[in-house]
Amino acid sequence: MSENIKPKIVIIGGGSGVSTVLSELKKVADVTAVVSMMDSGGSSGRLRDEHGILPPGDVLKCISELLPDDEYSQKWRDLLNYRFHKGEGLKGHSLGNLILASAYDWEGGASFGIEAISQLLKIQGRVLPVTLNDVNLIAKLNDGSDLIGESLIDLRSNFELAIEYIYLSRRAQVYKPVVQAILEADHVIIGPGSLFTSILPNFLVEGLPEALRQTTAPKTYVVNLVTDPSETNGYKASDFIKKIEEYYCDGTRIDYAVVNVEAIDERLSRLYAKEYKFPVEPDLEACQKLVAKKVISGNLVKGKTILRHNSQRLAEILLAYSKPLAEEHADAKSYLQIKSSALNSELGNRYAQACV
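Numbering (my numbering), first residue to last: 441 to 796.
Structure representation (structure tokens):
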């Protein structure tokens with residue numbers, strides 16, 4: 441069975457949320473992560489301010505997740521994610537961010553640096569910055585004030601003021617390979633991730649919404665598991681979908697939305713409640729009215745200490761609703777069943793059945 445029957449899947453978002461999807465999909469799909477470039481906090485923000493480079497942090501998370509699942513690559517993953525705890529100038533930086541910053545400089549730009557590191561580490565997929573323009577994210581609050589910078593939006597403590605809308609400090613053009621990847625995709629996945637600081641900023645980049653409207657690939661939004669007090673306080677699942685469609689669709693709708701209906705572990709729920717983060721209410725009927733095709737609901741929770749989407753179940757769903765692989769249908773079915781044990785479940789088998 442040739443590798444070229446793998447579905448081409450594009451995932452749009454930030455770092456942590458997208459990496460959840462990549463961890464399983466990389467095994468059975470040709471994946472491309474399109475990453476927001478508006479991060480302004482932590483190690484990425486410091487490197488951006490001091491060296492005038494695009495923020496490497498979210499790119500690093502995706503590269504790390506796309507490393508092969510072998511012992512050698514795990515050592516690289518641990519090294520890339522190592523964070524310095526002391527030393528003037530080094531404290532707070534991750535080794536991976538410093539390596540990427542060096543590659544940007546050595547190779548003559550962020551896109552070349554990302555490609556060089558990706559090839560060096562033999563990652564299973566591609567990581568593309570949504571834009572090569574240096575821009576800041578700005579949030580307009582409902583009292584008329586502005587918050588300038590992703591980190592100020594994300595880390596604010598005044599939760600009473602809601603975000604009215606977000607915009608960029610100046611125009612940004614989409615990185616051309618992103619458009620090509622979207623137009624060639626068999627499935628475009630949006631999220632999961634922080635709505636206003638990781639997902640929606642991508643749709644403010646000129647050329648990306650147009651590519652999404654032009655592609656024939658199904659478009660699926662993965663709704664977050666919990667609300668975020670600084671961004672989505674009180675949001676139901678349908679509120680997340682409304683915002684996505686408000687920013688990119690221009691009157692059209694996404695095809696699918698994936699919504700968790702599983703109750704979160706009570707102890708973990710209490711821990712998150714201390715941070716004013718609460719389970720997203722799955723108002724499925726309202727969600728169905730917003731999407732073009734279907735709301736896909738399921739038990740998608742994983743984690744007893746940190747709440748995450750169950751990456752295996754999520755991969756099953758996303759494969760099941762990708763474009764059928766045009767030819768060699770029976771081979772595609774057997775290939776995917778062998779490549780991923782995840783496809784043995786009821787959800788995963790939908791994809792195999794679509795190939796018959």
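The C-beta atom is built at its ideal place from N, Cα and C for all residues, glycine as well.
{"Item": "Using a Cβ distance threshold of 8 Å, determine whether the stretch 720-740 contacts the stretch 693-700, with at least three qualifying pairs required.", "Value": "yes"}
{"Item": "How big is the Cα-Cα spacing for Pro508 and Glu756?", "Value": "19 Å"}
{"Item": "If we ignore side chains and look at the alpha-carbon of each, how far apart do Arg753 and Ser597 end up?", "Value": "34 Å"}
{"Item": "According to DSSP, is Thr859 helix, strand or coil?", "Value": "Any answer about residue 859 is impossible in this case: the structure gives the chain only from 441 up to 796."}
{"Item": "What's the gap between the Cα of Gln654 and the Cα of Ile578?", "Value": "28 Å"}
{"Item": "Which residues in the same chain as Cys502 place their Cβ atom closer than 7 Å to its Cβ, once the five residues preceding and following it in sequence are excluded?", "Value": "Gly455, Val458, Ser459, Leu462, Ala473, Val475 and Val567"}
{"Item": "Look at Leu519 and Gln564 and say whether their C-beta atoms are less than 8 Å apart.", "Value": "no"}
{"Item": "Taking all protein chains shown into account, decide if Lys744 is buried (16 or more other Cβ within 10 angstroms of its Cβ) or exposed.", "Value": "exposed"}
{"Item": "Can you find at least 3 beta carbon pairs, one from the stretch 626-643 and one from the stretch 682-691, that sit closer than 8 Å?", "Value": "yes"}
{"Item": "May I ask you to list the residues that DSSP assigns as paired with Gly738?", "Value": "Asn700"}
{"Item": "Consult DSSP for Glu671 and reduce its assignment to one of helix, strand or coil.", "Value": "coil"}
{"Item": "Pull up the distance between the alpha-carbon of Lys773 and that of Lys466, whole angstroms please.", "Value": "Any reading at Lys773 must be qualified, since the residue scores a pLDDT of 44, below 50, and its modelled position is unreliable; no value is offered."}
{"Item": "Please classify Leu535: does DSSP put it in a helix, a strand, or coil?", "Value": "helix"}
{"Item": "Are the CB atoms of Leu601 and Asn576 within a distance shorter than 8 Å?", "Value": "no"}
{"Item": "Here's the rule: buried if 16 or more other CB atoms are within 10 angstroms of the residue's CB, otherwise exposed. What is Ala713?", "Value": "exposed"}
{"Item": "Just how far apart, CA to CA, sit Met477 and Pro495?", "Value": "6 Å"}
{"Item": "I need the boundaries of the beta strand (DSSP E) containing Arg566, first residue and last residue.", "Value": "Arg566 to Pro569"}
{"Item": "When DSSP labels each residue in this structure, what does Val666 get in the three-state scheme?", "Value": "strand"}
{"Item": "Compare the beta carbon distance of Pro569 and Val499 with 8 Å and say whether it is the shorter of the two.", "Value": "yes"}
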